[in-house]
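One structure below.
There are 2 protein chains.
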Amino acid sequence: MNWDDARIFLALCREQTLRGAARVLGIDQATVGRRLASLEHALGATLFLRTSGGYSLTAAGEVAMAAALNMESSAAELQRQILGMDDRMSGVVRVTTTDSFAIDVVIPAIARLHRAQPGIEVQLQASTQLLNLSKREADIAVRTLKPENPDLIVRRVARWSSGIFASAAYVQAHGVPEPGTAFAGHHLVLYQPYLDSGKEVTLASEPITHGRIAMTCTSGLLVRRAVANGLGVGEIPLPLGEADGLLRLWPARACPPYDIWLVTHKDVRHTARVRAVIDAIAEAFAAVTG
Amino acid sequence: MNWDDARIFLALCREQTLRGAARVLGIDQATVGRRLASLEHALGATLFLRTSGGYSLTAAGEVAMAAALNMESSAAELQRQILGMDDRMSGVVRVTTTDSFAIDVVIPAIARLHRAQPGIEVQLQASTQLLNLSKREADIAVRTLKPENPDLIVRRVARWSSGIFASAAYVQAHGVPEPGTAFAGHHLVLYQPYLDSGKEVTLASEPITHGRIAMTCTSGLLVRRAVANGLGVGEIPLPLGEADGLLRLWPARACPPYDIWLVTHKDVRHTARVRAVIDAIAEAFAAVTG
DNA sequence: CCTTGGTGATGCAAATCTGCATAGATGGCA
DNA sequence: TGCCATCTATGCAGATTTGCATCACCAAGG
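Line by line, the protein sequences are chains A and B. If you count the first sequence from 1, position 10 lands on 10 in the working numbering, and the numbers rise without skipping. If you count the second sequence from 1, position 47 lands on 337 in the working numbering, and the numbers rise without skipping.
Following this line, the structure appears as structure tokens:
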């Protein structure tokens with residue numbers, strides 16, 4: 001049995017199609033099919049049913065998947081631990097964060113770092129989905145949710161308060177909303193996941209029942225750009241809203257603050273280049289927050 | 291990273307030389323070297339020091355080995371569990387046992403089974419060393435030592451008493467040893483591991499201090515053949531000594547009996563062809579003993 | 001009905017990997 | 001010291017694997 005076939009097998013388990021697995025693995029669809037055939041031949045068992053709508057696991061396949069997952073975590077552990085012993089100030093570091101943090105904090109931080117350590121190549125992935133650090137999908141994550149996995153090292157780099165903002169042009173046209181009116185007569189820009197969360201939606205503790213939703217966005221950066229373009233009133237972290245030159249409404253009413261966490265796996269935290277990137281990002285947050 | 295390189299890496303850890311690892315893996319020495327180079331490149335770390343006298347692990351290599359061992363056990367688990375779901379009466383079954391059991395019990399049992407199930411191919415490995423069933427080095431083991439691993443299924447197939455035997459020619463030439471004389475004036479054939487065990491060596495509870503050691507053997511079969519050739523007196527399980535047509539000395543004095551265990555891994559015990567081989571061997575022991 | 005966008009299978013040429021043969025290095029031993 | 005055994009490294013030819021291009025298939029939707 002070729003152990004590497006288990007890696008292909010696992011990708012196919014997740015993606016359900018040869019093409020999908022091939023895309024994730026960066027190889028050809030035909031190769032995935034042939035490697036699977038090779039694995040099934042070596043094991044003497046059929047692992048997948050070829051149904052319409054993709055490959056689905058047989059009973060034997062499910063058993064194999066459980067063991068293959070163990071292989072995967074061991075392989076990831078191997079890579080992490082080896083990476084953790086690397087004291088060279090060069091190589092790739094993968095950072096995942098939101099687009100908003102990426103543009104306003106991480107990119108400037110990396111730019112500064114790059115001048116001191118040009119050997120470090122940062123692969124920045126701005127994504128709303130949470131990548132799995134244990135599977136080594138990324139080395140560093142900047143998140144607003146604190147992960148629970150005890151193998152992950154979590155460090156709070158900032159606590160940001162939010163406020164509601166609008167552009168000067170918007171205020172000129174529509175005026176400032178009246179507290180207590182639930183945004184009657186006003187347009188709102190909202191963060192889509194907040195709407196989807198099922199919680200009661202408020203802006204600066206004010207219900208939004210009488211406001212008109214002008215736009216919903218799937219990322220904080222889009223909210224900011226929408227507000228800056230005068231689409232309506234939106235909630236934005238104070239340092240970013242001010243940096244954008246927006247008008248802060250109701251300065252006396254605060255939105256609940258949220259914490260920003262810098263997350264790494266314990267095995268890679270001592271890698272020199274990872275450490276350098278972490279420090280650069282943390283410094284940048286400290287500088288922004290003041 | 292190619293997971294299969296971890297398999298090559300592990301073999302190299304154990305064998306310490308490219309050639310040794312290549313021999314175990316059944317590939318060329320040059321390939322082992324190139325696969326290792328590929329792994330080290332992918333991990334960005336040096337795993338081995340090229341010393342005179344072979345490859346020795348670096349600190350990074352030791353970390354990698356620990357994780358690779360986990361991968362190995364997961365890979366073995368995968369293969370075992372898939373094998374365990376196989377209900378076909380054909381394919382390979384690997385049996386490990388001592389040469390003595392192999393010749394007198396296992397081979398006749400397999401011969402009988404083969405007439406009923408010609409699709410089952412038994413690979414019989416007569417070896418003094420204990421193969422590791424958890425690593426799938428064999429499917430079935432017939433042993434006189436009971437393993438402790440809870441994942442192994444152990445079944446006692448026989449309890450054999452031993453006695454001391456000699457050939458008719460030997461007795462004609464030297465007579466029967468006198469109890470209580472510690473084999474004064476007699477030649478002895480001994481089992482080498484028994485000598486090496488550090489315990490006080492006795493034959494049928496008689497010390498051997500005045501006997502002359504004519505030969506030591508590393509397997510029970512060799513002891514039997516030596517005794518049959520008149521080299522001296524030796525301890526042999528009763529069913530085998532009688533089958534060989536040897537003379538049993540001191541029938542009143544028993545040697546401690548020993549148990550014979552048939553061992554499989556719990557994951558493979560339900561494989562149809564493994565089950566068939568187990569039953570055939572167990573039957574054969576019952577026939578010999580009964 | 002056909003089109004469209006997705007799937008998996010397969011022939012073929014290119015790229016890669018492997019094994020063989022051999023050269024070079026090293027340690028043991030007379 | 002020189003010889004021999006054993007090891008690793010490397011050039012090269014053959015075997016294998018891979019990716020590409022293409023075909024057939026299927027389901028959804030106009």
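Even glycine gets a Cβ: it sits at the ideal position worked out from N, Cα and C.
The closest CA to that of arginine 159 of chain A, considering only A/Glu15, A/Ala286 and A/Leu10, is found on A/Ala286.
For threonine 506 of chain B, the uninterrupted beta strand (DSSP E) segment begins and ends at 502-507.
The region 52-68 of chain A makes contact with the region 362-382 of chain B; the number of CB pairs closer than 8 Å reaches 3 or more. With three or more CB-CB distances shorter than 8 Å, the region 129-143 of chain A counts as touching the region 273-285 of chain A. Only those residues of the region 352-370 of chain B whose C-beta falls short of 7 Å from the nearest C-beta of chain A are listed: Val353, Ala354, Ala357, Ala358, Asn360, Met361, Ser364, Ala365, Glu367, Leu368 and Gln369.
A direct Cα-Cα distance of roughly 26 Å separates glutamine 192 of chain A from threonine 289 of chain A. Contact of glycine 26 of chain A with chain B by beta-carbon distance below 9 Å is absent, the smallest such distance being about 13 Å. For glutamine 123 of chain A, the enclosing beta strand (DSSP E) stretches over residues 120-126. Listed along chain B are Ile372, Leu373, Asp376, Arg378 and Gly381, each with a C-beta nearer than 9 Å to that of glycine 44 of chain A.
Listed along chain B are Trp293, each with a C-beta nearer than 7 Å to that of arginine 7 of chain A.
By alpha-carbon distance to leucine 302 of chain B, the top candidate from B/Leu347, B/Thr341, B/Val412 and B/Ala332 is B/Leu347. Counting only Cβ-Cβ distances below 9 Å, alanine 350 of chain B has contacts in chain A at Gln81, Ile82, Met85 and Asp86, in chain order. Within the region 29-81 of chain A, complete beta strand (DSSP E) segments of at least 3 residues are found at 48-51 and 54-57, given in chain order. Separation of alanine 214 of chain A and glutamate 206 of chain A (C-alpha to C-alpha, rounded to the nearest whole angstrom) is 17 Å.
In the structure shown, the three-state DSSP call for leucine 131 of chain A is coil. According to the DSSP assignment, isoleucine 8 of chain A belongs to the alpha helix (DSSP H) that extends over 3-15. Residue pairing for isoleucine 550 of chain B: DSSP places it in a beta bridge opposite B/Ala448. A direct Cα-Cα distance of roughly 23 Å separates alanine 401 of chain B from leucine 421 of chain B. With a beta-carbon spacing of about 6 Å, threonine 98 of chain A and serine 219 of chain A fall inside the 8 Å limit used to define contacts. Below 8 Å, enough C-beta pairs join the region 166-177 of chain A and the region 242-259 of chain A to call them touching: three or more.
At the C-beta level, glutamine 29 of chain A and tyrosine 55 of chain A stay beyond 7 Å of one another. Comparing C-alpha distances from alanine 456 of chain B to each of B/Ser487, B/Pro440 and B/Leu493 shows the shortest one belongs to B/Leu493. The distance from the Cβ of valine 479 of chain B to that of alanine 516 of chain B is about 4 Å, consistent with a contact at the 8 Å cut-off. DSSP, read as helix, strand or coil, puts arginine 559 of chain B in coil. The beta-carbon distance between leucine 133 of chain A and leucine 152 of chain A, rounded to whole angstroms, is 6 Å. This is short enough to meet the 8 Å contact definition. Here cysteine 255 of chain A is near serine 162 of chain A, since their CB atoms are less than 7 Å apart. Methionine 71 of chain A and asparagine 360 of chain B have their C-alpha atoms roughly 7 Å apart.
Bounds of the beta strand (DSSP E) holding isoleucine 526 of chain B are 523-527. About 7 Å separates the beta carbons of methionine 291 of chain B and leucine 333 of chain B, which is inside the 8 Å limit, making them a contact pair. Between glutamate 283 of chain A and alanine 109 of chain A the beta-carbon gap is near 7 Å, inside 8 Å, which marks them as a contact. Contact check for isoleucine 372 of chain B against alanine 45 of chain A passes: the beta carbons are separated by less than 7 Å.
Beta-bridge pairing by DSSP links glutamate 496 of chain B to B/Leu493. In the three-state reduction of the DSSP assignment, arginine 426 of chain B falls in the coil class.
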